[in-house]
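Engineer: Dumping the structure here so I can ask a few things about it.
Residue numbers (our numbering): 383 to 664.
Written as structure tokens, this is what we have:
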């Protein structure tokens with residue numbers, strides 16, 4: 383299929399993420415879990431929060447790549463020796479009341495952000511329902527972004543590395559970009575046109591950018607960007623991921639730190655016990 387973004391198979395992922403790389407990721411997962419606030423006795427279990435900047439450091443350490451120190455640059459990490467680069471994203475899954483992953487799409491990640499010189503007149507194009515013009519303009523922006531980086535860094539392979547967060551596990555999914563297939567991208571008229579019934583089209587959905595059984599892309603009017611959403615369950619069912627379980631590290635006990643402080647006069651012994659238990663777990 384002539385998609386722009388192709389998911390890597392589990393076999394391909396295993397080649398890129400060897401056992402040492404996995405151990406580095408597991409180490410960082412433990413550090414992140416340890417840094418989460420303790421849960422009070424009346425609180426429900428919360429999702430683990432990990433800053434995106436930390437995820438970039440995880441990949442730098444695990445894959446022996448360089449972090450590109452430029453806030454607005456299209457690249458997060460680069461391997462100049464192998465002429466590869468990757469943009470890193472983090473998305474959260476949607477779950478039911480029992481923490482099971484649902485068929486719903488994940489939250490969104492941006493593939494091309496808003497720039498004054500690139501997104502001009504977008505609102506007017508939406509008002510006039512000029513779907514193809516919207517698609518052509520924004521795909522052109524995406525292509526220019528990619529080509530600038532490829533030329534600037536002399537790259538051959540362009541990837542997106544996505545950390546998909548679930549309550550019980552963290553998944554790493556990876557996809558390669560093929561800019562030559564941008565010519566096949568079209569407007570998904572069926573998904574886009576339903577907005578006419580409300581006299582307002584808020585998004586232009588795209589076909590052939592990615593396999594719509596696994597994810598979706600759309601040009602979102604309000605935030606003025608090209609967005610990606612993953613269908614986590616479909617990817618998991620097809621084994622297009624690396625899994626790092628986290629529920630085995632999580633304690634189901636709640637704690638009142640003030641009571642611990644009164645009993646032990648400090649919290650040092652408490653956190654040493656917790657850290658020792660966590661980092662000795664294999």
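Even glycine gets a Cβ: it sits at the ideal position worked out from N, Cα and C.
Just mark residue 384 as buried or exposed, buried being the case when its beta carbon has 16 or more other beta carbons within 10 Å.
Structural biologist: Counting Cβ neighbours within 10 Å, residue 384 comes out exposed, since fewer than 16 surround it.
Engineer: Between the beta-carbon of residue 516 and the beta-carbon of residue 569, is there less than 9 Å?
Structural biologist: Going by C-beta atoms, residue 516 is nearer than 9 Å to residue 569.
Engineer: In terms of residues, what are the limits of the beta strand (DSSP E) holding residue 599?
Structural biologist: Residues 597-602.
Engineer: Taking residue 491 as the reference, give the member of 434, 418, 430 and 401 with the closest Cα.
Structural biologist: Closest option to residue 491, Cα to Cα, is 434.
Engineer: According to DSSP, is residue 513 part of a helix, a strand, or is it coil?
Structural biologist: Looking at residue 513 - three-state DSSP - the assignment turns out to be helix.
Engineer: In the DSSP assignment, what residue or residues form a beta bridge with residue 551?
Structural biologist: In DSSP, residue 551 forms a bridge with 627.
Engineer: Could you give the uninterrupted runs of the alpha helix (DSSP H) lying entirely in the region 399-482, keeping only those of 4 residues or more?
Structural biologist: Complete alpha helix (DSSP H) runs here, min 4: 401-417 and 434-445.
Engineer: Quick check on the burial criterion: 16 or more other C-beta atoms within 10 angstroms. Buried or exposed for residue 572?
Structural biologist: Its Cβ having fewer than 16 others within 10 Å, residue 572 is exposed.
Engineer: For residue 486, name the three-state secondary structure that DSSP assigns.
Structural biologist: Reduced to three states, the DSSP call for residue 486 is coil.
Engineer: Quick one: using the 10 Å Cβ neighbour count with 16 as the cut-off for buried, is residue 387 buried or exposed?
Structural biologist: Classification of residue 387: buried, given that the 10 Å Cβ count is 16 or more.
Engineer: Excluding the 5 residues preceding and the 5 following residue 575 in the sequence, name in chain order all residues of the same chain whose CB lies nearer than 8 Å to its CB.
Structural biologist: These residues qualify, in order along the chain: 583.
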